[in-house]
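Peer 1: Here's a structure for you.
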Amino acid sequence: MQYDPIKRVLGNTFNKTPFLRRLFYNLLDLLLLRTWHVHKELRAWAQGKKDKAQHILDAGSGFGQYTYYLSGLSTAWKISAVDVKEEQIADSNQFFTRIGRSRQVKFSVADLVTFRQPNAYDLALSVDVMEHILEDVEVFRNIQASLRPGGMLLISTPSDQGGSDVHGDDESSFIEEHVRDGYNINEIQDKLRLAGFSKVQARYSYGKPGQISWRLSMKYPILMLGKSKAFFLLLPFYYLITFPFCLVLNWLDANQTHPTGTGLIVKAWK
């Protein structure tokens, strides 16, 4: 199904006031399991760095929720957020100006296939982006060149173990905008090394608890919204029932090691 129209409706709804946008970010942080995993990795990276000047790239910033989270961890950090969608970049710049973080954060329109800022960043973040880009090795090379020595790239992306809700050769991706259903855990590590990264680590996310949570918190609501926008009126009642279960499942997934999973968390160092 087409996910972008739903994201556009959500963006228009929550962009009306800074309060609603903050509320939107908080809801995403609780509902999206990948956020639990990404925040966990970002907190680990941030240890000992909160008082130090750091330059961060949010590569494929989307709604800007990860830039918002990072900018709240330290005022000493400078964050560059880029995305190909001009509307989301404009909305994000307006929001961060209204909340007084425009000196710390800058959003720009850019294509990761060509975007390169040599030796500019200490950390690069790519959350649910690489499954949308065919020229992945070119992007990895650009990010590797843009990192400073010792800098780290953090990636969250679907795996080939059922990512994008694909479980067989005859099935198609749940999200039609994906150019690949998911990465093999060895494939993505090989591609990062080919791009010049000296050290790579990868682990599975979305194990059994996470897969149940994803269906309850994301798949079923999105499918219903795709059928009728009237379901927006029923969403609060739906989540009133499912939300407590999803929180428990997300916590379990983020705090367990999984032998397999439909998601990947990958770290690579220059």
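Reading the sequence shown from the start, the letters are residues 1 to 270 in full-length UniProt numbering. Every residue, glycine too, gets a C-beta built ideally from N, C-alpha and C. Computed from a predicted model, the values in this text were never measured in an experiment.
#1: Hey, how far is the Cα of glutamine 256 from the Cα of phenylalanine 237?
#2: So isoleucine 212 and alanine 202 are supposed to be a Cβ contact under 8 Å. How far apart are they, rounded?
#3: Which one of Leu192, Pro118, His258 has the shortest CA to CA distance from tyrosine 206?
#4: Take the Cβ of serine 108 as the centre, count every other Cβ of all protein chains shown within 10 Å, and call the residue buried at 16 or more, exposed below.
#5: Indicate whether the contact test is met: 3 or more Cβ pairs, each with one atom in the segment 51 to 69 and one in the segment 126 to 139, closer than 8 Å.
#6: Whose CA, out of Phe19, Glu41, Arg21, lies closest to the CA of alanine 254?
#7: Within a Cβ cutoff of 8 Å, which residues of the same chain sit near tryptophan 251, ignoring the five residues on either side of it in sequence?
#8: With 16 other CB atoms within 10 Å as the buried threshold, where does aspartate 122 fall?
#9: In the segment 112 to 192, which residue ranges form an unbroken beta strand (DSSP E) of at least 3 residues, counting only runs that do not cross its ends?
#10: Cα separation between proline 221 and leucine 235?
#11: Let's see if you can read the secondary structure: which residues bound the alpha helix (DSSP H) around lysine 40?
#12: Taking all protein chains shown into account, do 16 or more other C-beta atoms lie within 10 angstroms of the C-beta of phenylalanine 19, making it buried, or fewer, making it exposed?
#13: Taking the beta carbon of valine 139 as the centre, do at least 16 other beta carbons fall within 10 Å, making it buried, or is it exposed?
#14: How would you write the range of the beta strand (DSSP E) that tyrosine 206 sits in, first residue to last?
#15: How would you call histidine 167, buried or exposed, if buried means at least 16 neighbouring beta carbons within 10 angstroms?
#16: Taking just the CA atoms, how far does glutamine 104 sit from leucine 223?
#17: Let me know if asparagine 15 comes out buried or exposed under the rule of 16 or more other beta-carbons within 10 Å of its beta-carbon.
#18: Buried or exposed for aspartate 169, going by 16 or more other Cβ atoms inside 10 Å?
#19: Which whole-angstrom value is the C-beta distance of serine 74 and lysine 50, which I expect to be below 8 Å?
#20: Please go through the same chain and pick out, in chain order, the residues whose beta-carbon is closer than 7 Å to the beta-carbon of phenylalanine 24, but skip the five residues on each side of it.
#21: Per DSSP, valine 266 forms a beta bridge with which residues?
#22: Which residues does DSSP list as the beta-bridge partners of phenylalanine 96?
#23: Helix or strand or just coil, what does DSSP make of lysine 106?
#24: Which residue from Lys191, Ala76, Gly261 puts its Cα closest to that of glycine 48?
#25: Would you report the Cα separation of threonine 97 and leucine 194, rounded to the nearest angstrom?
#26: Could you give the DSSP three-state label for valine 84: helix, strand or coil?
#27: Starting from leucine 252, trace the alpha helix (DSSP H) in both directions and tell me its first and last residue.
Peer 2: According to the structure shown:
#1: Position 256 of the sequence shown holds residue 256. Position 237 of the sequence shown holds residue 237. Whole-angstrom Cα-Cα distance: 30 Å.
#2: The count along the sequence shown starts at 1 and reaches residue 212 at position 212. The count along the sequence shown starts at 1 and reaches residue 202 at position 202. Contact flag wrong, Cβ pair sits at about 23 Å.
#3: For the purposes of this step, residue 206 is taken as residue 206 along the sequence shown, with counting starting at 1. Measuring C-alpha to C-alpha distances from tyrosine 206 to each of Leu192, Pro118, His258 identifies His258 as the nearest.
#4: Within the sequence shown, the letter at position 108 stands for residue 108. Under this definition serine 108 is an exposed residue.
#5: Touching, per the Cβ criterion.
#6: Here the question's residue 254 lines up with position 254 in the sequence shown. Relative to the Cα of alanine 254, the nearest Cα in the group Phe19, Glu41, Arg21 belongs to Glu41.
#7: Here residue 251 refers to the residue found at position 251 of the sequence shown. So the qualifying residues of the chain are Trp36.
#8: As a first step, residue 122 must be located in the sequence shown, where it is residue number 122. When all chains shown are included, aspartate 122 counts as buried.
#9: At a cut-off of 3 residues, the continuous stretches assigned as beta strand (DSSP E) that sit fully inside the segment 112 to 192 are 121 to 127, 147 to 158.
#10: Taking the first residue of the sequence shown as position 1, residue 221 is located at position 221. Taking the first residue of the sequence shown as position 1, residue 235 is located at position 235. Each residue's Cα considered, the two are about 8 Å apart.
#11: Translated into the one-based positions of the sequence shown, residue 40 becomes position 40. Per DSSP, lysine 40 belongs to the alpha helix (DSSP H) from 33 to 46.
#12: Mapped onto the sequence shown, residue 19 falls at position 19. So phenylalanine 19 counts as exposed.
#13: As a first step, residue 139 must be located in the sequence shown, where it is residue number 139. With 16 or more other CB atoms across the displayed protein chains lying within 10 angstroms of its CB, valine 139 is buried.
#14: One-based indexing of the sequence shown puts residue 206 at position 206. Note, tyrosine 206: premise wrong, no beta strand (DSSP E); not H, not E.
#15: As a first step, residue 167 is located in the sequence shown; it is residue number 167 there, counting from the start. With a pLDDT of 47 at histidine 167, under the threshold of 50, the predicted position of this residue should be treated as unreliable, though the coordinate-derived value follows. Histidine 167 should be labelled exposed.
#16: Walking along the sequence shown from the start, residue 223 turns up at place 223. Walking along the sequence shown from the start, residue 104 turns up at place 104. Straight-line Cα distance between these residues: approximately 37 Å.
#17: Counted from its first residue, the sequence shown places residue 15 at position 15. By the C-beta density criterion, asparagine 15 is buried, having at least 16 other C-beta atoms within 10 angstroms.
#18: Numbered from 1 along the sequence shown, position 169 holds the residue referred to as residue 169. Unreliable placement is indicated for aspartate 169, whose pLDDT of 49 sits below 50; no coordinate value is reported for it.
#19: Against the sequence shown, residue 74 aligns to sequence position 74. Against the sequence shown, residue 50 aligns to sequence position 50. Contact holds; Cβ gap of about 4 Å.
#20: Taking the sequence shown and counting its residues from 1, one reaches residue 24 at position 24. Closer than 7 Å at Cβ, skipping near neighbours: Phe14.
#21: By one-based count along the sequence shown, residue 266 stands at place 266. Beta-bridge annotation (DSSP): valine 266 is paired with Ile155, Ala202.
#22: As a working note, residue 96 is residue 96 in the sequence shown. None, per the DSSP bridge assignment.
#23: For this step, residue 106 is matched to residue 106 along the sequence shown. Strand.
#24: Residue 48 sits at position 48 when you count from the first residue of the sequence shown. The alpha carbon of glycine 48 has as its nearest neighbour, out of Lys191, Ala76, Gly261, the alpha carbon of Ala76.
#25: Position 97 of the sequence shown holds residue 97. Position 194 of the sequence shown holds residue 194. One C-alpha to the other measures close to 39 Å.
#26: Working through the sequence shown from its first residue, we reach residue 84 at position 84. Residue state, collapsed to three classes: coil.
#27: The count along the sequence shown starts at 1 and reaches residue 252 at position 252. Note, leucine 252: alpha helix (DSSP H), 235 to 254.
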